[in-house]
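Asker:
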Amino acid sequence: MPRPTLLVRSALVAVAMVATLALGACAAPAQNAEVDPAAPDVGIQLFQLPWTSIANECETTLGPNGFAWVLTSPPQEHITRDEWWASYQPVSYQLQSRLGTRDEFADMVARCDAAGVDIIADAVINHMTGQDDPGIGFAGSEYAHYEYPGLYDVDDFHHCGLTTYDDIEDYTSREQVQQCELVNLADLDTASPRVREQIGSYLDDLLSLGVAGFRIDAAKHMAADDVAAIVGELPEGTRIMSEVIRGGGEPITPEEYTAFGEVFEFTYARDLTPPLSNGVFSDPELGGDRPQHVPSENALVFVDNHDTERGEANVTYRDGDMYVIANALMLADDYGTPIVYSGYAFSDRDAGASTEADGSVSDATCAEASGPREAYDDGERTCVQSWDAVIGMLRFRAAVGDAPRMPGVDEGDAYGFEREGRGVVAVNVGDEPVTIRIPTSMADGDYCDAITGGATSGDAQSCVGAQYSVESGEAVFALEPVSAAAIHVPVRQ
Ligand code: LM2
Ligand code: CA
């Protein structure tokens, strides 16, 4: 679908070109033929952001800057509690939550679609709330186990003896992982035709509003055959993103869930981030699929998400420039489909997003943000989708397309690699400046740094931020401590 913003952008480009020529700024290297941009593929998880705010983000930031899709928080009616994780305790399949109403959800999908951005809804279908106090909840609603009596695999409820979240990782058998109650949540019997039908009509309802697909929450806790049967009834082309945490010694593997869609590849961040603290980089398996990972076409890769930023993630918004580096390396890579994460600052792991007096989550805008802050107040949005570096790396990705990732160069605490003939990325994770030279078949000449703002026009003629050169087949980057740089061939708007 053509994007309404294209015309506006071309007009801006034309103005910028005239201005640049008038100023006599250096011209782009003539040898580089322009390449057609790769189709946008990068997603953004907008954690606990209300539907009306997401709609605005699509129009102002996500569409114009080339994000392809948004992962929302769960839209289902949920228990009334302040913690963010109330969203993961649904009480019904009505689209009414503290993130917005059904009408607001529908409006968001339509407006994002018009901006060229797909909506992926987080579908909590493994369980309903385990909370049994019918006095709490949205007015006029009942708890699911009252609303849908008989949906549960009652026999499987309490025999596991697991009571805390940490216990999940201690499951040892398939039965425990898939049929036992997850942290006291009422596990649905997803093998039952009636349950499948009920879940299917919920997903159909979301599709009728125009969503492009679903994150399948807690997919690991449902047999792959059950998920396959449920999503197999959905229209062809529905995107399915299963959350299957890869665990050491776990009986359930992400590979079981790739037959019907993509999976979140948790191993990716576990490999990507340790070198950021020890400066010891080594190339992943290049030129194909990676060991210990699902095939690239099935892989969703991320630096962190709402769970890992509260747990295993080595790098989060708190790490400022190092977080930028992690995102830059991910977005420069040729493996998987990246999903960038954008949440809010917290010091209490349970703290929900800021709310209004009526309990609904407050609207927020990211129009002003351009990079990480030194410090955040609790509740402040991180706005990663608006960071210059992230937006610059989306342009880098559009420019490099499917060019292969070349062998990396390691220089002290710096590291970088070329996407053959189209772009080069370099990072310095140490506390000393480093100059790193990376062989490239890009034409000699000067290039604008995508991390610090790119070019004022689509033709890379005048740089907003830093400029780096390619000399005699080497891209040369003089990098300050904890910084990143990325250059690429010009890309058509
Ligand atoms: C997920 N993926 O598989 C979500 O990404 C994750 O955020 C969810 O956990 C989990 N699965 C269930 O959907 C979150 C949160 C938990 C929270 C649950 C349920 O990380 O801490 O558990 O949502 O709201 C909470 C309490 C826990 C309690 C449980 C049941 O933290 O102590 O268990 O509710 O009342 C006694
Ligand atoms: Ca289950």
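Heads up: take any position in the sequence shown, counting from 1, add 969, and you land on the numbering used here.
Glycine residues also receive a C-beta, built at the ideal position from the N, C-alpha and C atoms.
Confirm the yes/no value for this check: CB of R1279, any heavy atom of ligand 1, distance under 8 Å.
Answerer: At least one heavy atom of ligand 1 is nearer than 8 Å to the Cβ of R1279, so yes.
Asker: Check for me: the alpha helix (DSSP H) holding N1397 runs from which residue to which?
Answerer: It is not in any alpha helix (DSSP H) - N1397 instead sits in the beta strand (DSSP E) that spans G1392 to N1397.
Asker: Taking the beta carbon of R1163 as the centre, do at least 16 other beta carbons fall within 10 Å, making it buried, or is it exposed?
Answerer: So R1163 ends up on the exposed side.
Asker: Starting from A1454, trace the beta strand (DSSP E) both ways and give me its first and last residue.
Answerer: Looking at the DSSP string, the run of the beta strand (DSSP E) that includes A1454 is S1452 to H1457.
Asker: Is it right to say A1336 is buried, meaning 16 or more other beta carbons lie within 10 angstroms of its own, or is it exposed?
Answerer: Flag for A1336 reads exposed.
Asker: Could you tell me whether any non-hydrogen atom of ligand 1 is closer than 8 Å to the CB of Q1058?
Answerer: Yes; taking the cut-off as 8 Å, the Cβ of Q1058 has a heavy atom of ligand 1 nearer than that.
Asker: Using a threshold of 9 Å, state whether the C-beta atoms of G1019 and L1064 are closer than that.
Answerer: Per the sequence shown, the amino acid found at residue 1019 is Pro instead of Gly. No.
Asker: Would you call the CB atoms of S1211 and F1233 closer than 9 Å?
Answerer: Closer than 9 Å, so yes.
Asker: Relative to the alpha-carbon of D1382, which residue among L1363, G1248, T1030 and I1088 has its alpha-carbon at the smallest distance?
Answerer: Measuring from the Cα of D1382, the nearest candidate turns out to be G1248.
Asker: In the structure shown, what three-state DSSP assignment does M1362 receive?
Answerer: Here M1362 sits in helix by DSSP.
Asker: Quick test of your reading: V1213 and A1188, contact by CB under 8 Å. State the CB separation rounded to the nearest angstrom.
Answerer: Indeed, because the Cβ distance is near 5 Å, the residues count as touching under 8 Å.
Asker: Taking 8 Å as the cut-off, is the C-beta of Q1100 nearer than that to any heavy atom in ligand 1?
Answerer: True, at least one ligand heavy atom lies under 8 Å from that Cβ.
Asker: Following a CB-centred definition, is E1052 positioned closer than 8 Å to any heavy atom of ligand 4?
Answerer: Annotation note on ligand 4: not contained in the displayed structure, which lists ligand 1 and ligand 2 as its ligands.
Asker: Under the criterion of a Cβ to heavy atom distance below 8 Å, does I1221 qualify as lining ligand 1?
Answerer: Checking the Cβ of I1221 against ligand 1 gives no.
Asker: Identify whether D1413 lies in helix, strand or coil by the three-state DSSP scheme.
Answerer: Reduced to three states, the DSSP call for D1413 is coil.
Asker: When the distance is taken between beta carbons, is A1333 closer than 9 Å to A1395?
Answerer: Cβ atoms of A1395 and A1333: not closer than 9 Å.
Asker: So what's Q1167 in DSSP terms, helix, strand or just coil?
Answerer: It is helical.
Asker: Would you say M1362 and L1300 are within 9 Å of each other, going by their C-beta atoms?
Answerer: Yes. Within cutoff.
Asker: Among the residues of its own chain, which have a CB less than 6 Å from the CB of S1022, if the five just before and after it don't count?
Answerer: The answer, listed in chain order, is D1332 and A1333.
Asker: I'd like to know whether the C-beta atoms of L1245 and N1283 end up nearer to each other than 9 Å.
Answerer: Contact: yes.
Asker: Return the chain-ordered list of same chain residues with a C-beta closer than 8 Å to the C-beta of I1013, the five sequence neighbours on each side being excluded.
Answerer: Correct list, in chain order: L1031, F1036, W1038, V1039, L1040, I1308, V1309, Y1310, S1311, V1353 and Q1354.
Asker: When you compare only the Cα positions, how much space is there between F1016 and E1440?
Answerer: About 43 Å.
Asker: Under DSSP, the alpha helix (DSSP H) around M1299 begins and ends at which residues?
Answerer: Residues D1290 to A1301.
Asker: Is P1243 buried or exposed, if buried means 16 or more other CB atoms sit within 10 Å of its CB?
Answerer: Classification of P1243: exposed, given that the 10 Å Cβ count is below 16.
Asker: Under the assumption that A1368 contacts V1451 (Cβ atoms under 8 Å), give the Cβ distance between them as a whole number of angstroms.
Answerer: Incorrect: roughly 25 Å between the Cβ atoms, too far for contact.
Asker: Mind checking whether V1060 and E1073 have CB atoms under 9 Å apart?
Answerer: Result no, Cβ atoms of V1060 and E1073 do not sit closer than 9 Å.
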